[in-house]
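Asker: When you read off a place in the sequence shown, starting at 1, and then add 24, the result is the number in the numbering used here. A single structure is presented below for examination.
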Amino acid sequence: MSRTAEAPPKSFLAEVKDAVTPRATLLVVGVVALQLLFIASYVGALHHPKPKDVAFGVVAPGAAAEQTVARLEKLPGGPLNPRALADEATARERIVNRDIDGALLVDPNGTTDTLLVASGGGKALSNALVSLTTAVEKDQGRTVRTVDVVPADAQDANGLTPFYLVVGWCVGGYLCASALAISTGARPANLRRAVIRLAAMALVAIVGGLGGAVIVGPVLGALPGSVAALWGLGALITFAVGAATLALQCVFGIVGIGVAVLLVVILGNPSAGGALPPPMLPPFWRAIGPALPPGAGTWATRSIAYFKSNDITASMLILAAWAALGTAITLAAGSRNRQAQPRGL
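This is how it looks when you write it as structure tokens:
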């Protein structure tokens with residue numbers, strides 16, 4: 025009775041060679057690169073916060089206004105970008121409109137001046153303005169009292185709820201898009217599949233937007249503002265990130281998920297103005313933040329919650345652009361390939 029000869033067992037090195045394909049190697053290298061970029065981005069953006077060119081108002085009578093502005097302009101490192109304002113009402117209005125971040129009201133008849141801040145725009149910035157102004161006033165033999173014109177909600181202890189809410193919406197967007205891609209292939213094979221993916225993404229965006237607004241509002245009481253407005257914003261943020269992720273997958277395949285993580289998580293989150301508002305970020309992150317979904321979303325969320333929805337047009341247009349561009353690329357990629365495709369997403 026003959027036996028079939030058994031193949032000799034492979035050596036350990038041969039098994040490693042078979043397992044570590046060029047594709048797997050590239051993916052691992054990509055993951056390590058994202059890991060290091062994550063560390064560099066977050067630490068680079070947040071490790072040494074200091075105010076720079078903060079829009080700041082000065083209200084003082086006559087020549088005292090020009091003198092105060094000149095003195096503040098000469099502060100080491102240029103922390104403030106001061107400008108003279110007509111009166112306290114104007115200063116308050118400019119703060120609520122998000123034109124300036126604070127203002128100093130000089131009392132010509134005493135030695136105590138008033139600092140107007142808006143912790144609803146970020147407590148790290150308002151605290152920095154308090155510390156800076158207190159030191160400047162002390163050098164002049166004066167004291168300062170602080171008035172919070174737009175205070176953060178008592179349940180929003182560190183002023184971070186808007187940022188975390190936006191992070192949740194962004195995570196929902198790219199995770200949903202990634203799940204749709206991984207389920208049946210990153211690149212949609214035809215226009216029908218691309219439409220189905222975008223429709224599913226829109227449904228998730230509507231549900232997730234409402235859920236986030238209800239959780240931070242009526243359920244937890246962590247954020248004031250219109251639930252309907254936050255719902256609409258959340259749906260737009262989620263869909264914008266999801267559509268962009270789908271588009272990146274169409275262009276780069278499965279690697280597009282990593283590109284989405286790079287844009288939204290690694291670059292977008294530390295530059296969003298959450299932990300540190302834009303005037304306290306280093307130049308690079310301060311420049312890119314408003315153009316990325318987390319930054320545009322955080323600015324708009326704070327405006328809705330605390331600033332009567334003022335100054336959100338630019339942020340909404342940026343988010344709409346991400347949504348429109350992502351949709352267009354996804355549909356274009358699907359229409360280029362008209363081959364028959366099995367049912368699915």
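Built from N, CA and C at the ideal position, the CB exists for glycine as well.
For A229, count neighbouring C-beta atoms within 10 Å of its own C-beta (all shown protein chains included) and say buried if the count is 16 or more, exposed if not.
Answerer: Start at 1 with the first residue of the sequence shown, and residue 229 comes out as number 205. Under this definition A229 is a buried residue.
Asker: Near R367, what residues of its chain come up, given a Cβ to Cβ distance below 6 Å and the 5 sequence neighbours on each side ignored?
Answerer: As a first step, residue 367 must be located in the sequence shown, where it is residue number 343. For R367, the pLDDT reaches just 48, beneath the cut-off of 50, and the residue's location in the model is therefore unreliable, although a value from the coordinates is still provided. Cβ neighbours of R367 beyond the five flanking positions: none.
Asker: Run through the DSSP bridge pairs and tell me what A127 is partnered with.
Answerer: Locating residue 127 in the sequence shown gives position 103, where the first residue counts as 1. Note: A127 sits in a beta bridge opposite G81, L140.
Asker: Give the DSSP bridge partners of L104, in chain order.
Answerer: Taking the sequence shown and counting its residues from 1, the one referred to as residue 104 is at position 80. Answer by DSSP bridge pairing, in chain order: V78.
Asker: May I ask you to list the residues that DSSP assigns as paired with R169?
Answerer: Within the sequence shown, residue 169 is the residue found at index 145, counting from 1. DSSP lists T138 as partners of R169.
Asker: Would you decide whether A110 is buried or exposed? Buried here means 16 or more other CB atoms lie within 10 Å of its CB.
Answerer: Residue mapping note: residue 110 aligns to position 86 of the sequence shown, counting from 1. Exposed.
Asker: Within this structure, are the beta carbons of L270 and G350 separated by less than 9 Å?
Answerer: Stepping through the sequence shown from its first residue, residue 270 is reached at position 246. Stepping through the sequence shown from its first residue, residue 350 is reached at position 326. Closer than 9 Å, so yes.
Asker: Please confirm if the segment 188-202 is in contact with the segment 261-280, defined as three or more CB-CB distances below 8 Å between the two stretches.
Answerer: Output reads yes: the segment 261-280 touches the segment 188-202.
Asker: Between A226, T135, A357, P306, which lies nearest to A84 when the distance is taken from Cα to Cα?
Answerer: As a working note, residue 84 is residue 60 in the sequence shown. Of the candidates A226, T135, A357, P306, the one whose C-alpha sits nearest the C-alpha of A84 is T135.
Asker: Within 10 Å of its beta-carbon, does G6 have 16 or more other beta-carbons around it, so buried, or fewer, so exposed?
Answerer: The structure shown does not extend to residue 6, since the chain is modelled only from 25 to 369, so the question has no answer here.
Asker: Could you tell me the boundaries of the alpha helix (DSSP H) in which T45 lies?
Answerer: By one-based count along the sequence shown, residue 45 stands at place 21. Element bounds for T45: n/a, residue is neither H nor E.
Asker: In terms of alpha-carbon separation, which member of D125, W193, I206, P73 lies closest to V173?
Answerer: The sequence position of residue 173 within the sequence shown is 149, counting from 1. The candidate whose alpha carbon is nearest that of V173 is D125.
Asker: Classify A356: buried if its beta carbon has 16 or more other beta carbons within 10 angstroms, exposed otherwise.
Answerer: To locate residue 356, count along the sequence shown from 1; it is residue 332. Flag for A356 reads exposed.
Asker: Take A218 and list the residues in its own chain whose beta-carbon comes closer than 6 Å to its own, dropping the five residues that flank it on each side.
Answerer: Here residue 218 is taken as the residue at index 194 of the sequence shown, counted from 1. Contacts found: P212, T354, L355, G358.
Asker: May I ask you to report which of helix, strand or coil DSSP gives K332?
Answerer: Taking the sequence shown and counting its residues from 1, one reaches residue 332 at position 308. K332 falls in the coil class under three-state DSSP.
Asker: Measure the CB-CB distance between L184 and G298 and report whether it falls below 9 Å.
Answerer: Translated into the one-based positions of the sequence shown, residue 184 becomes position 160. Translated into the one-based positions of the sequence shown, residue 298 becomes position 274. Yes, Cβ-Cβ distance for L184 and G298 is below 9 Å.
Asker: What residue does the alpha helix (DSSP H) around L343 start on, and which one ends it?
Answerer: By one-based count along the sequence shown, residue 343 stands at place 319. Per DSSP, L343 belongs to the alpha helix (DSSP H) from 337-360.
Asker: Would you mind sorting N293 into buried or exposed? The rule is 16 or more other CB atoms within 10 Å of its CB.
Answerer: Translated into positions along the sequence shown, residue 293 becomes position 269. When all chains shown are included, N293 counts as buried.
Asker: By alpha-carbon positions, which one of T337, V171, V130 ends up nearest to S143?
Answerer: Taking the first residue of the sequence shown as position 1, residue 143 is located at position 119. Minimum Cα distance to S143 is reached at V171.
Asker: Which class does N133 belong to by DSSP, given the choice of helix, strand or coil?
Answerer: What you label residue 133 is simply residue 109 of the sequence shown in a count that begins at 1. Coil, per DSSP.
Asker: Alpha carbon to alpha carbon, what distance is there between A347 and E161?
Answerer: Locating residue 161 in the sequence shown gives position 137, where the first residue counts as 1. Locating residue 347 in the sequence shown gives position 323, where the first residue counts as 1. Approximately 47 Å, taken between the alpha carbons.
Asker: Quick one: what does DSSP say N121 is sitting in, helix, strand or coil?
Answerer: Here residue 121 refers to the residue found at position 97 of the sequence shown. Coil, per DSSP.
Asker: Note down the Cα distance separating K76 from Q164, rounded to an integer number of angstroms.
Answerer: What you label residue 76 is simply residue 52 of the sequence shown in a count that begins at 1. What you label residue 164 is simply residue 140 of the sequence shown in a count that begins at 1. Roughly 22 Å separates the two Cα atoms.
Asker: Taking DSSP as the reference, what is the three-state secondary structure of D163?
Answerer: For the purposes of this step, residue 163 is taken as the residue at position 139 of the sequence shown. DSSP places D163 in helix when its eight states are reduced to three.
Asker: Taking C-beta to C-beta, are L149 and V168 nearer than 9 Å?
Answerer: Taking the first residue of the sequence shown as 1, we reach residue 149 at position 125. Taking the first residue of the sequence shown as 1, we reach residue 168 at position 144. No, these two residues do not count as a Cβ contact at 9 Å.
Asker: Based on Cα-Cα distance, which residue from A205, Y66, T325, N121 lies nearest to G241?
Answerer: What you label residue 241 is simply residue 217 of the sequence shown in a count that begins at 1. Closest option to G241, Cα to Cα, is T325.
Asker: Between the Cα of L60 and the Cα atoms of S250, I290, M304, which residue gives the shortest distance?
Answerer: As a first step, residue 60 is located in the sequence shown; it is residue number 36 there, counting from the start. Selected option, being the one with the closest Cα: I290.
Asker: Using C-beta distances below 8 Å, list every residue in its chain close to V130, excluding the 5 sequence neighbours before and after it, in chain order.
Answerer: On the sequence shown, position 106 is the one that residue 130 refers to. Taken in chain order, the residues that qualify are V82, V83, A84, P85, A88, A89, T92, D137.
Asker: By Cβ distance, which residues of its chain are closer than 7 Å to P318, with the 5 residues on each side in sequence left out?
Answerer: Position 294 of the sequence shown holds residue 318. Once the five neighbours on either side are set aside, the close Cβ partners of P318 are V190, V191, C194, V288, G292, N293, A296.
Asker: Could you check what DSSP says for N151 in three-state terms: helix, strand or coil?
Answerer: Your numbering for residue 151 matches position 127 in the sequence shown. Reduced to three states, the DSSP call for N151 is helix.
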